[in-house]
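Visitor:
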Amino acid sequence: MGTFERSVEDSMPRYRYRCATDGPFDLHFAMGSAPTSVECETCCGRSTRVYSLGGMLTSDPVGERILDLHAQSQSAPGVVHTTAGAAQPSTRRYADPRHRMLPTP
Numbered sequence: 001m002g003t004f005e006r007s008v009e010d011s012m013p014r015y016r017y018r019c020a021t022d023g024p025f026d027l028h029f030a031m032g033s034a035p036t037s038v039e040c041e042t043c044c045g046r047s048t049r050v051y052s053l054g055g056m057l058t059s060d061p062v063g064e065r066i067l068d069l070h071a072q073s074q075s076a077p078g079v080v081h082t083t084a085g086a087a088q089p090s091t092r093r094y095a096d097p098r099h100r101m102l103p104t105p
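Just so we're aligned, residue 1 is where the sequence shown starts under full-length UniProt numbering, counting upward by one.
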């Protein structure tokens with residue numbers, strides 16, 4: 001399986017523009033620096049920015065469930081059996097009995 005590499009362009013927001021001749025296209029700009037109009041790369045005509053809800057229109061049901069559970073846990077946390085800082089005593093288990101004879105740190 002290959003490694004996932006993100007380019008700088010992938011980490012920047014994508015803005016949609018519409019050309020009267022060639023239709024919609026997307027460009028990447030730094031957050032808050034997208035101009036209201038750009039030159040179309042195909043016909044060199046003026047293209048205006050299209051404002052939309054973008055990712056707000058579609059939502060991930062799993063993400064919504066996680067957010068709901070988080071909000072619910074803020075007001076009604078579940079039963080807690082131990083405190084956050086309490087560590088359980090660890091028992092050392094050795095696969096090889098000779099390991100018990102080694103010095104401990």
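All C-beta atoms in this analysis are idealised placements derived from N, C-alpha and C, irrespective of residue type, glycine included.
Note that the structure is a prediction, hence the values are computed from the model and not measured.
Taking the CB atoms as reference points, tell me whether CYS40 and ASP22 lie closer together than 9 Å.
Guide: For the purposes of this step, residue 40 is taken as the residue at position 40 of the sequence shown. For the purposes of this step, residue 22 is taken as the residue at position 22 of the sequence shown. Yes. Within cutoff.
Visitor: With a cut-off of 8 Å, do at least 3 Cβ pairs link the region 36 to 51 to the region 12 to 28?
Guide: yes
Visitor: State the start and end residues of the unbroken beta strand (DSSP E) segment that holds GLU39.
Guide: Residue numbering aside, residue 39 sits at position 39 when the sequence shown is read from its first letter. Unbroken beta strand (DSSP E) run through GLU39: 37 to 39.
Visitor: Evaluate CYS19 with the Cβ neighbour count: other Cβ atoms within 10 Å of its Cβ, from every protein chain shown; 16 or more gives buried, anything less gives exposed.
Guide: The count along the sequence shown starts at 1 and reaches residue 19 at position 19. Under this definition CYS19 is a buried residue.
Visitor: Rounded to the nearest angstrom, what separates HIS70 and ARG46 at their Cα positions?
Guide: Taking the sequence shown and counting its residues from 1, the one referred to as residue 70 is at position 70. Taking the sequence shown and counting its residues from 1, the one referred to as residue 46 is at position 46. Each residue's Cα considered, the two are about 46 Å apart.
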